[in-house]
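Numbering (the numbering used here), first residue to last: 76 to 351.
These notes are about the structure you will find just below.
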């Protein structure tokens, strides 16, 4: 039975790979703890998830992320991210890697974000996507991603993220498109301890994917997450601990067919606040 499940997972993964799955994957254990939501979260992984969110980071921040998709090591996703706040704009760099030596994908992001006023921020990513498959031509191309972040009140924040709006295809393989998708979401803060969040993802050729999540912080250094998403169905939960300058997050997501994926991330804040 285990061999059959593994073969099924690999088959479905290969179908997804044709559509550049690495560009679709939300990054960060906190995001996955809340149902795979990422667009309205303020995090160092905004350089991959929504570059506009980088505006609200006031220190130099670096992050590491790892997931073992469906507990299959060959499907593991690794990511690093770095955000450098500046006086006039914020800059970010990110790398996502998935796969093994025989089949792997990369996403390299360079982002810039700027606050237009105290409530509104915009960001753009310039992204290189590449796919390597043994005994086949290396496929790659560049795409653009755009983000918008709005803090309407001290309690409500809204965000939108668009990836590959011009529907760029892989070079040398014109029949193979790179996914184009839009994510829009919100976070509502009921109190300093409790948040509710929601997101919807629209991807060309697929059903819309709604997501819901809750976040509870009984004490400032410890946070619990739970979430749900549809198309496909995921049930998720997670936790995060702040220890000095490091935030350590663990999460797990359960796919309705393929099983459990563990997620881990650690975020470091070694820099000083930017003086404005």
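Beta carbons are placed, not taken as given, at the ideal position from N, Cα and C, and that holds for glycine.
Source: prediction; values computed, not measured.
key: For residue 222, the first and last residue of its enclosing alpha helix (DSSP H)   = Where residue 222 is concerned, there is no enclosing alpha helix (DSSP H), although the beta strand (DSSP E) it sits in stretches over 214–226.
key: Where the beta strand (DSSP E) through residue 190 begins and ends   = Residue 190 -> beta strand (DSSP E) spans 178–190.
task = List the endpoints of the continuous alpha helix (DSSP H) containing residue 123.
result = Unbroken alpha helix (DSSP H) run through residue 123: 121–124.
message = Is the beta carbon of residue 168 closer than 8 Å to that of residue 122?
response = Yes, these two residues count as a Cβ contact at 8 Å.
query = Nearest-angstrom Cα distance between residue 161 and residue 127?
reply = Approximately 14 Å between the Cα atoms of the pair.
key: CA-to-CA distance, residue 140 to residue 172, given in whole angstroms   = Using only the alpha carbons, I get a separation of about 10 Å.
query = Can you give, in chain order, each stretch of the beta strand (DSSP E) that sits fully within the region 123–183 and has at least 3 residues?
reply = Fully enclosed beta strand (DSSP E) runs of 3 or longer: 136–142, 152–160, 165–174.
key: C-beta contact flag for residue 216 and residue 231 at 8 Å   = Cβ distance not < 8 Å, so residue 216 and residue 231 don't count as in contact.
ask   = Which of the three DSSP states, helix, strand or coil, is assigned to residue 198?
value = Residue 198 sits in a strand when the DSSP states are folded into three classes.
query = Looking at the structure shown, is residue 82 part of a helix, part of a strand, or coil, going by DSSP?
reply = Reliability of the predicted coordinates at residue 82 is poor, the pLDDT of 46 falling under 50, and no value is obtained from them.
inquiry  = Let me check understanding here. Comparing Cα to Cα, which of 118, 98, 110 lies closest to residue 323?
reply    = A check of alpha carbon separations from residue 323 across 118, 98, 110 identifies 118 as the nearest.
key: Buried or exposed (CB count within 10 angstroms, at least 16 for buried), residue 102   = Classification for residue 102: buried.
query = Can residue 268 and residue 300 be called in contact, C-beta distance under 8 Å?
reply = No, the Cβ-Cβ distance between residue 268 and residue 300 is not below 8 Å.
inquiry  = So if DSSP puts residue 356 in a beta bridge, which residue, or which two residues, is it bridged to?
reply    = Outside the displayed range of the chain (76 to 351) lies residue 356, so it cannot be described from this structure.
query = Under 8 Å between the Cβ atoms of residue 109 and residue 238?
reply = Judged by beta-carbon spacing, residue 238 lies beyond the 8 Å limit of residue 109, meaning their Cβ atoms are not closer than that value.
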